[in-house]
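Numbering (the numbering used here), first residue to last: 9 to 308. Yeah, the Cβ is synthetic: ideal placement off N, Cα and C, and Gly gets one too. Only one structure is covered here, and it is reproduced in the block below.
Printed below as a string of structure tokens:
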């Protein structure tokens with residue numbers, strides 16, 4: 009048997025090179041199929057810390073966004089309720105004006121209308137959202153308005169009286185960003201509501217009393233104007249919260265795209281690299297096969 013050329017070290021180097029190329033080729037195939045540079049955090053050791061930090065930041069922003077969405081839903085509900093309150097107050101103001109100027113509506117009818125409108129107003133102020141009373145401040149489990157024992161509007165002239173209010177003066181807030189909060193909400197003891205409640209109560213408690221009617225019209229006129237302004241303020245809060253939510257969505261999208269860029273492989277580049285590795289591997293196999301088949305007799 010003719011001995012082969014002594015080329016063990018060369019053959020071993022070629023075999024090791026083949027194994028290296030095969031390993032790179034296998035990694036490239038995984039990248040091409042998954043679209044990711046790495047399939048484990050261990051493989052992403054150089055960027056894993058950055059990705060984890062970005063993911064933590066996304067979680068924080070998502071939490072703020074969720075809180076802002078909840079706050080916006082509450083302000084929208086308050087806005088709608090205040091719009092209905094304005095309708096009630098304006099309607100009664102028109103009825104009282106008619107009764108006061110022409111006596112076209114009897115004192116008894118005006119009193120009945122007043123009671124109906126006051127009941128509607130109380131219902132609107134005791135509105136709930138997600139089992140929370142919206143106009144009670146922090147006392148969200150307590151209905152803000154209870155007219156039991158309320159004596160406002162009993163005598164003429166009347167005095168400010170908020171004994172109907174069962175909540176507190178707490179102002180809700182939400183963290184829009186680190187170090188930046190947005191206050192929102194209105195409490196039932198606001199002077200706007202007090203004027204409207206007292207104005208209607210004056211009519212209920214003093215039917216046919218022109219002095220009481222005159223004072224009631226003044227209170228209602230001021231209350232309606234101020235309620236419109238307060239409603240606009242709530243709309244402003246809602247818009248600010250909406251802008252925060254949109255900003256959070258943009259921030260999260262940017263961070264998510266950054267993570268994707270860090271993880272994702274350039275598929276065109278990977279495909280080109282695979283083609284190069286395949287060519288190298290074929291050439292290396294050919295050389296290895298040739299080397300392993302060489303015989304001394306080939307050179308004699």
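- In the structure shown, residue 61 adopts helical secondary structure according to DSSP, grouped into three states.
- Contact check for residue 235 and residue 161: beta-carbon distance about 18 Å, past the 8 Å limit, so the pair fails to qualify.
- The criterion of a C-beta distance shorter than 7 Å is satisfied by residue 165 and residue 223.
- Beyond the five residues adjoining it in sequence on each side, residue 134 comes within less than 8 Å, by CB distance, of 141, 143, 151, 152 and 153 in the same chain, given in chain order.
- Between the stretch 64-75 and the stretch 120-140 there are fewer than three inter-stretch CB-CB distances shorter than 8 Å, so the stretches are not counted as touching.
- Around the beta carbon of residue 214, a 10 Å sphere encloses 16 or more other beta carbons of the protein chains shown; the residue is thus reported as buried.
- In the same chain as residue 80, and ignoring 5 residues on each side of it, the C-beta atoms closer than 8 Å to its own belong to 246, 249, 250 and 253, in chain order.
- Burial check for residue 193: the Cβ neighbour count within 10 Å reaches 16 or more, so the residue is buried.
- Counting along the chain, residue 190 sits inside the beta strand (DSSP E) bounded by residues 188-192.
- Residue 136 has its alpha-carbon roughly 23 Å from the corresponding atom of residue 231.
- Take the alpha-carbon of residue 171 and the one of residue 201: they are about 12 Å apart.
- Per DSSP, residue 146 lies in no alpha helix (DSSP H) and is assigned neither H nor E.
- With fewer than 16 other CB atoms across the displayed protein chains lying within 10 angstroms of its CB, residue 102 is exposed.
- Under DSSP, residue 153 takes part in a beta bridge, and its partners are 173.
- Beta-bridge partners assigned by DSSP to residue 223: none are found.
- In this structure, residue 263 sits away from residue 60, with a CB-CB distance that is not shorter than 7 Å.
- Taken through DSSP and simplified to helix, strand or coil, residue 106 comes out as helix.
- In the same chain as residue 238, and ignoring 5 residues on each side of it, the C-beta atoms closer than 8 Å to its own belong to 90, 194, 198 and 200, in chain order.
- If the five residues before and after residue 93 are omitted, its C-beta is found closer than 7 Å to the C-beta atoms of 129, 132 and 235, all from its own chain and listed in chain order.
- Sequence-distant Cβ neighbours of residue 243 in its own chain, meaning closer than 7 Å and more than five residues away, are 87.
- Judged by DSSP secondary structure, residue 115 falls within the alpha helix (DSSP H) whose first and last residues are 115-133.
- Looking at 114, 174, 76 and 267, the one whose alpha-carbon comes closest to that of residue 182 is 76.
- The alpha-carbon separation between residue 228 and residue 65 amounts to approximately 50 Å.
- As computed with DSSP, residue 180 is found in a beta bridge with 192.
- Non-local beta-carbon contacts of residue 220 in its own chain, meaning distances under 6 Å to residues more than five positions away in sequence, involve 164, 210 and 214 in chain order.
- Residue 125 places its beta carbon 7 Å or farther from that of residue 205.
- Taking C-alpha positions only, residue 156 is separated from residue 116 by approximately 22 Å.
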